[in-house]
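Student: Note that my numbering has the sequence shown beginning at 15, numbered continuously upward.
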Amino acid sequence: MNLKVCDLYLLIHVHIDLLTIVFCCVHVGCISNRNLYVFGAVWKTEDCYQCKCKMNAMVCCSLVSIPKNYDRANCVGLFHKKSCSIRVVKKTNPDISCKVYNGVG
Numbered sequence: 015m016n017l018k019v020c021d022l023y024l025l026i027h028v029h030i031d032l033l034t035i036v037f038c039c040v041h042v043g044c045i046s047n048r049n050l051y052v053f054g055a056v057w058k059t060e061d062c063y064q065c066k067c068k069m070n071a072m073v074c075c076s077l078v079s080i081p082k083n084y085d086r087a088n089c090v091g092l093f094h095k096k097s098c099s100i101r102v103v104k105k106t107n108p109d110i111s112c113k114v115y116n117g118v119g
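1. Roughly how many angstroms lie between the CA atoms of Arg86 and Cys98, to the nearest whole one?
2. Out of curiosity, what's the CA-to-CA distance linking Ile80 and Gly119?
3. What are the boundary residues of the beta strand (DSSP E) that Ser46 is part of?
4. Assuming Tyr63 and Ser76 are in contact, meaning their beta carbons sit under 8 Å apart, how far apart are those beta carbons, in whole angstroms?
5. Report all residues from its chain with a CB closer than 8 Å to the CB of Asn88; omit the five preceding and five following residues, and keep chain order.
6. Could you pull out every residue in the same chain whose Cβ sits closer than 6 Å to the Cβ of Val56, ignoring the five residues on either side in sequence?
7. DSSP beta-bridge partners for Phe93?
If you want it as structure tokens, here you go:
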């Protein structure tokens, strides 16, 4: 009997005459940044994603709204990790906000 660990699955294989039979499969949860999360858990990552541990997958979506339509010649987007936001400001004076017409996220 060989014991193999693949991602979060514990697979127990029994070899019978060149035939492998999967005997048992136990899913224990999701791993993100070396942390184990149980099914149904929701958490925010350091890089601004919200993740949910589901039975068949871990689903993560960005929390950052990305500005798309603004004066790119005179303005620049500044990412704020603590608030998971992007503030669009004048290149010549970051204290002055620029008008943003739409965004994604």
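Built from N, CA and C at the ideal position, the CB exists for glycine as well.
Tutor: Concretely, from the data shown:
1. 21 Å
2. 6 Å
3. Cys44 to Ser46
4. 6 Å
5. Taking C-beta separations shorter than 8 Å and ignoring five residues to either side along the sequence, the partners of Asn88 in its chain run Lys104, Lys105, Thr106 and Cys112, following chain order.
6. Lys66
7. Ile100
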